[in-house]
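See below for the structure under consideration.
Chains as they are written, first to last, in my numbering: chain A, -1 to 156; chain B, 4 to 309.
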């Protein structure tokens, strides 16, 4: 392990994972507030494409799964399928308070959440809805985890 | 063309060693310029390269074993046919080719679209099927002006040699034919007003919806090579002059290829996606009209020459 982590290919893959994270956005019963804030990140004002981040239509292309909403009973199965369709390495970002705690929907019989009961969550971005700055910060931390996940490198930026 | 020269053309210039970096550069310029046109900063020029590296390093999800040869073979076939196209392009002086090489060239140019359609159906995804249907309809529509224009050029040059067609098509035929072929370029590259097949978000990712990891990386490579080959094809047809110095020919080919990228990007950034019926009727009407103009000009030129 220690012999390979400084190899050229490993460093290249590490760099590529940091520079090209593709997102898949899943709405697990959100009120659309967080979704609008996530899409805002792609607009000219925030422009996350500078960092190679782009929104993909298919979960099979994605590296980062962004989930908003408290995971309702009807979306649970779709969420599990989509998580299974994403190739490794992958990270999950919970956007907003709903996937973290179920927010105002906690205790409802129609809610299967919070998100970490269903899939492993890497980064929580709190807020109702969170600001685009917070979402970008969360995604960049998720990318940091993504790069470390398989390549076995030890150095972390922060 | 002896086999040594053919091997150089396939692997070095204008083949693999040239086409891959230039293809990445073209895709990078396209993304960067599109972002600039939209008032964004945009990704670095190296972005397509890092995308491919990242995709190659992903672990694909297990599929049914019978799917794997087909889903890996189709993008490989697309890559191979694009390299074949590049190797056949008459970039230099004295490349005699062989009789009918324009037919081989055109059929190789069509193979990626065919693979793309088959990939959509083979992946058995509903989004893949919708994308594949759209690609099939659009590519038939775009081939009407494309092939008509090429027939006009070949008829007026009186030859099926690609190098002969390049050097001896009269300008009165060449200009309308080139306009018709340029009109087909954004369709064949699936760029914005005609991005029906890969309509992102609308049909997820079109035929490529079910492709992941390394197999998607192969498609990205095929797409990069498609840019180089199709643009290279237009550039080769556009200039009849070949210098005796090989590096002048090579530099002219590279610079003109790169000069077409901002034009295509400007078109993609300034237009919205058309509907299927709009795109096809536009192709049949306007593309077809210009191509028929070239055909009529070719008829008169040929008869006038006798």
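Even for Gly, the Cβ is constructed at its ideal location relative to N, Cα and C.
Cutoff 7 Å: residue i Cβ touching any chain A Cβ
i, result
"residue 218 of chain B", "no"
"residue 215 of chain B", "yes"
"residue 50 of chain B", "yes"
"residue 279 of chain B", "no"
"residue 70 of chain B", "no"
"residue 60 of chain B", "yes"
"residue 300 of chain B", "no"
"residue 271 of chain B", "no"
"residue 104 of chain B", "no"
"residue 212 of chain B", "yes"
"residue 43 of chain B", "yes"
"residue 292 of chain B", "no"
"residue 35 of chain B", "no"
"residue 191 of chain B", "no"
"residue 152 of chain B", "no"
"residue 53 of chain B", "yes"
"residue 138 of chain B", "no"
Between the CA atoms of residue j and residue i - distance to the nearest angstrom
i, j, result
"residue 147 of chain A", "residue 17 of chain A", "15 Å"
"residue 14 of chain B", "residue 121 of chain A", "45 Å"
"residue 132 of chain B", "residue 99 of chain A", "39 Å"
"residue 18 of chain B", "residue 144 of chain A", "35 Å"
"residue 55 of chain A", "residue 289 of chain B", "32 Å"
"residue 43 of chain A", "residue 6 of chain B", "55 Å"
"residue 124 of chain A", "residue 133 of chain A", "9 Å"
"residue 52 of chain A", "residue 54 of chain B", "11 Å"
"residue 172 of chain B", "residue 157 of chain B", "8 Å"
"residue 101 of chain A", "residue 67 of chain A", "9 Å"
"residue 150 of chain B", "residue 116 of chain B", "15 Å"
"residue 22 of chain B", "residue 246 of chain B", "22 Å"
"residue 213 of chain B", "residue 128 of chain B", "7 Å"
"residue 172 of chain A", "residue 69 of chain A", "Residue 172 of chain A lies beyond the range of chain A shown here (-1 to 156); nothing can be said about it."
"residue 21 of chain A", "residue 15 of chain A", "12 Å"
"residue 228 of chain B", "residue 29 of chain A", "43 Å"
"residue 256 of chain B", "residue 242 of chain B", "9 Å"
"residue 178 of chain B", "residue 169 of chain B", "12 Å"
"residue 25 of chain B", "residue 88 of chain A", "30 Å"
"residue 225 of chain B", "residue 79 of chain B", "8 Å"
"residue 117 of chain A", "residue 130 of chain B", "26 Å"
"residue 73 of chain B", "residue 110 of chain B", "21 Å"
"residue 113 of chain A", "residue 204 of chain B", "24 Å"
"residue 115 of chain A", "residue 40 of chain A", "30 Å"
"residue 60 of chain B", "residue 75 of chain A", "28 Å"
"residue 8 of chain A", "residue 90 of chain A", "23 Å"
CB contact flag (residue i, residue j, <7 Å)
i, j, result
"residue 208 of chain B", "residue 180 of chain B", "no"
"residue 64 of chain B", "residue 85 of chain A", "yes"
"residue 130 of chain A", "residue 94 of chain A", "no"
"residue 239 of chain B", "residue 259 of chain B", "no"
"residue 29 of chain B", "residue 287 of chain B", "no"
"residue 45 of chain A", "residue 71 of chain A", "no"
"residue 267 of chain B", "residue 211 of chain B", "no"
"residue 139 of chain B", "residue 114 of chain B", "no"
"residue 122 of chain B", "residue 92 of chain B", "no"
"residue 159 of chain B", "residue 304 of chain B", "yes"
"residue 88 of chain B", "residue 58 of chain B", "no"
"residue 196 of chain B", "residue 277 of chain B", "yes"
"residue 252 of chain B", "residue 16 of chain B", "no"
"residue 182 of chain B", "residue 134 of chain B", "no"
"residue 27 of chain A", "residue 46 of chain B", "no"
"residue 60 of chain A", "residue 141 of chain A", "no"
Residue i Cβ short of 6 Å to the ligand MN heavy atom set
i, result
"residue 120 of chain B", "As presented, the structure is devoid of all ligands, the ligand MN included, so that no description of it is given."
Beta carbon proximity, residue i to chain B, threshold 7 Å
i, result
"residue 42 of chain A", "yes"
"residue 142 of chain A", "no"
"residue 45 of chain A", "yes"
"residue 15 of chain A", "yes"
"residue 11 of chain A", "yes"
"residue 66 of chain A", "no"
"residue 58 of chain A", "yes"
"residue 136 of chain A", "no"
"residue 86 of chain A", "yes"
"residue 5 of chain A", "no"
"residue 106 of chain A", "no"
"residue 175 of chain A", "Because residue 175 of chain A is not part of the residues shown, which for chain A are -1 to 156, the question remains open."
"residue 18 of chain A", "yes"
"residue 31 of chain A", "no"
"residue 50 of chain A", "yes"
Problem - Contact the segment 183 to 190 of chain B vs the segment 84 to 102 of chain B: 3+ CB pairs below 8 Å - result: no
Handout entry: Meets three-Cβ-pair contact criterion under 8 Å: the segment 146 to 165 of chain B and the segment 221 to 236 of chain B
Key = Flag = no, the segment 146 to 165 of chain B and the segment 221 to 236 of chain B do not touch.
Exercise for the section: Indicate whether the contact test is met: 3 or more Cβ pairs, each with one atom in the segment 253 to 271 of chain B and one in the segment 61 to 80 of chain B, closer than 8 Å. Expected result: no
Problem - Stretch-stretch touch, CB-based, cutoff 8 Å, three pairs: the segment 215 to 229 of chain B with the segment 291 to 300 of chain B - result: The answer is no - the segment 291 to 300 of chain B does not touch the segment 215 to 229 of chain B, with fewer than three Cβ pairs under 8 Å.
Practice task
Could I get the ranges of all uninterrupted alpha helix (DSSP H) runs contained in the segment 1 to 75 of chain A, with 4 residues as the minimum, in chain order?
Solution key: 6 to 17, 31 to 38
Exercise for the section: List in chain order: all unbroken alpha helix (DSSP H) runs of 4+ residues lying wholly within the segment 170 to 207 of chain B. Expected result: 174 to 191
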